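Peer 1:
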Amino acid sequence: MARQQALLLQVLCFFWIIIRVLSHKVWLTESRTFPIIAPFSIVDSVSAQVNAALYFVSLAGLGLLLVFPKNRTIMAATLIVIISSCFLDVMCWQVWEYLFTFILLVCAVQIKNLRGWSAALLIVFSSVYIYGGLQKLNGGFLSSVWERLILKDMFGLSGSFVTNAKLHYVGLLVPVIEAALGVLLLFMKNRKKPAMALIGMHLFILAFMFNKGAMLNAVAIAWNVAMILFLHLLFVREKAFQFKMADLKGFTTMIAVVWGILPALNFIGYWDDKFSSGMYSGKDKKLVICIDDEVPEEVKPYLAAADAYNLCSGAAMVNVSKWAITEMGVNPGAEEWYFKKLKEKWEKSNPKVNAKFVMYSYPYNNAKEIR
Numbered sequence: 001m002a003r004q005q006a007l008l009l010q011v012l013c014f015f016w017i018i019i020r021v022l023s024h025k026v027w028l029t030e031s032r033t034f035p036i037i038a039p040f041s042i043v044d045s046v047s048a049q050v051n052a053a054l055y056f057v058s059l060a061g062l063g064l065l066l067v068f069p070k071n072r073t074i075m076a077a078t079l080i081v082i083i084s085s086c087f088l089d090v091m092c093w094q095v096w097e098y099l100f101t102f103i104l105l106v107c108a109v110q111i112k113n114l115r116g117w118s119a120a121l122l123i124v125f126s127s128v129y130i131y132g133g134l135q136k137l138n139g140g141f142l143s144s145v146w147e148r149l150i151l152k153d154m155f156g157l158s159g160s161f162v163t164n165a166k167l168h169y170v171g172l173l174v175p176v177i178e179a180a181l182g183v184l185l186l187f188m189k190n191r192k193k194p195a196m197a198l199i200g201m202h203l204f205i206l207a208f209m210f211n212k213g214a215m216l217n218a219v220a221i222a223w224n225v226a227m228i229l230f231l232h233l234l235f236v237r238e239k240a241f242q243f244k245m246a247d248l249k250g251f252t253t254m255i256a257v258v259w260g261i262l263p264a265l266n267f268i269g270y271w272d273d274k275f276s277s278g279m280y281s282g283k284d285k286k287l288v289i290c291i292d293d294e295v296p297e298e299v300k301p302y303l304a305a306a307d308a309y310n311l312c313s314g315a316a317m318v319n320v321s322k323w324a325i326t327e328m329g330v331n332p333g334a335e336e337w338y339f340k341k342l343k344e345k346w347e348k349s350n351p352k353v354n355a356k357f358v359m360y361s362y363p364y365n366n367a368k369e370i371r
C-alpha cells in the first residue's frame, strides 16, 4: 500500500473519530430526547445498548486503523459495524458519514490497486463539488446562504444593499464556480489548480464558521478541515493521476453510478439530499411542530421565538432543526418520508398532545402539513 493511501486513511480515521465524538448523542441515544427514527420497522425496537455498543466498537476500529492502516480485515470489520449502526437511526445519515464510509470502502476494496483507488476517489470527490454546486442553483441558496449568511453575517452589509437585484444574482456565481471546479478536478490534466481553489473555498467557510462561533459549528469545522487535507493529499501533494474511460470497470463503475448518476435523481425527488452533496444548498425541507396544548418539557428549549412565516397560526412552534442541532450537533433528516416517521414516533410518545407537523422550504410560504 502506497504511503499516500496510508496517510489518507489515517487522516480519514482521525477526523471521523473527532466528528463521531463531537456528535456522540447521535449514537448514544439514551442520553438524548430527539426521537430515534429507524429506516425500517424491523429494526425499530433494537435497544439503545446495541447502538451504543456499535458506536464504541466503531471508534475502536477507527483507532486501530490509525495504527494499522494496511489491515484490510480491520477495514472490513469497521465498515460492517458503521453501516450496521446507520440502519438503526436515520440521524446517522449525515453527509460526512456517507462520504467517509465510501472512502473507507474504496480503501478496503482497492488496497492493492493504486490506479483503481485513485480513479474511484477522483470520481467521489469530483461528484461532491459538481453536485454541491448544482444543488445550490436555487433561490433558497441566494436568500438563506448568499444574502443572509455571507453578505449580512460575514461581510456586515446592510439590508438595502443586500437586496439589490444585481448583487442578489451575483450569488449564483458561487455554485457555478464550485461545480466548474469539480468538473476541472475530474478532467483537467493538472488538478493542482482546481484543488487549490477548492481548498480556498473551504478556508473561506472555516473563516465564516469561526466568526459565528467555533463551538456551534464544531462538527462542520472538523469536516471542512478534513476536506482540505483530502484535497491536498490527493490532488496537490501527489503527481496527477490521468483518468481514462478505461478506468470505469468493476468496482469503479459502481462508484461512478452511486456518485455520478444517483445524485442526479435528487432533482426529481428520488434520492435523498444527504446522499447528493446537498450541504448549504438552501433548498432543504424543514419541519416545525405546532402545539396547541401544554408543551412537553423536553421540547420547551426548542420553541421558536417567533413564527415569521405563520406556519403555526399562533400555536407554540417547536423548531425541529434547532432541536437536533442543539442536542446532537447535526441536522435532522430533510425528506418527507422521514418527517412522517418522526410524526409517528412523536404521537406514540405524546398521545395526549394535540400537535400539527408542518414541512416547509423555500419560498417559505411553501408549507405542507404532514399527515
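Anchor point for the sequence shown: position 100 equals 100 in the numbering used here, and the numbering is continuous, going up by one each time.
Every residue, glycine too, gets a C-beta built ideally from N, C-alpha and C.
As the structure is a computational prediction, the values presented were derived from the model and not from experiment.
Do the CB positions of residue 373 and residue 322 come within less than 8 Å of each other?
Peer 2: Since the first residue of the chain shown is 1 and the last is 371, residue 373 is not available in this structure.
Peer 1: Report yes or no: do three or more beta-carbon pairs, one from the stretch 279-294 and one from the stretch 134-151, lie closer than 8 Å?
Peer 2: A contact exists between the stretch 279-294 and the stretch 134-151.
Peer 1: Consider the C-beta atom of residue 141 and the heavy atoms of the ligand NAD; say whether any pair is separated by less than 7 Å.
Peer 2: The model depicted lacks the ligand NAD and carries no ligand whatsoever.
Peer 1: Buried or exposed: which applies to residue 93, given that a residue is buried once 16 or more other Cβ atoms fall within 10 Å of its Cβ?
Peer 2: Buried is the call here.
Peer 1: Which full runs of the alpha helix (DSSP H) of 4+ residues lie inside the stretch 242-298, going along the chain?
Peer 2: Here the runs fully enclosed are 251-256.
Peer 1: Please report how far the alpha carbon of residue 53 lies from the alpha carbon of residue 339, in whole angstroms.
Peer 2: If I take the Cα positions, the gap works out to 27 Å.
Peer 1: Is DSSP giving residue 335 helix, strand or coil here?
Peer 2: Residue 335: coil per DSSP, three-state reduction.
Peer 1: Examine the Cβ distances between the stretch 234-252 and the stretch 41-55 and report whether three or more of them are shorter than 8 Å.
Peer 2: No, because fewer than three Cβ pairs between the stretch 234-252 and the stretch 41-55 fall closer than 8 Å, the two stretches do not touch.
Peer 1: Between the C-alpha atoms of residue 124 and residue 296, what's the straight-line distance to the nearest angstrom?
Peer 2: In a straight line, the C-alpha of residue 124 is about 43 Å away from that of residue 296.
Peer 1: Contact between the stretch 336-352 and the stretch 95-103 is defined here as three or more beta-carbon pairs at a separation below 8 Å; is this criterion met?
Peer 2: The answer is no - the stretch 95-103 does not touch the stretch 336-352, with fewer than three Cβ pairs under 8 Å.
Peer 1: Would you mind reading off the limits of the beta strand (DSSP E) that contains residue 34?
Peer 2: Note, residue 34: premise wrong, no beta strand (DSSP E); not H, not E.
Peer 1: If you draw a straight line from the alpha carbon of residue 23 to that of residue 258, how long is it in whole angstroms?
Peer 2: About 26 Å.
Peer 1: Give me the residue from 336, 362, 350, 349 with the minimum Cα distance to residue 369.
Peer 2: Out of 336, 362, 350, 349, 336 has the C-alpha closest to the C-alpha of residue 369.
Peer 1: What does a CB cutoff of less than 8 Å around residue 314 pick up in its chain, not counting 5 residues either side in sequence?
Peer 2: Hits under 8 Å: 307.
Peer 1: So what's residue 354 in DSSP terms, helix, strand or just coil?
Peer 2: The answer is coil: DSSP assigns residue 354 none of H, G, I, E or B.
Peer 1: I believe residue 14 touches residue 122 by the beta-carbon criterion, under 8 Å. Please report the beta-carbon distance rounded to the nearest angstrom.
Peer 2: About 22 Å; that fails the 8 Å criterion.
Peer 1: Just tell me which of 230, 177, 290 has its CA closest to the CA of residue 374.
Peer 2: The chain is shown only over 1 to 371; residue 374 falls outside these bounds and no answer can be derived.
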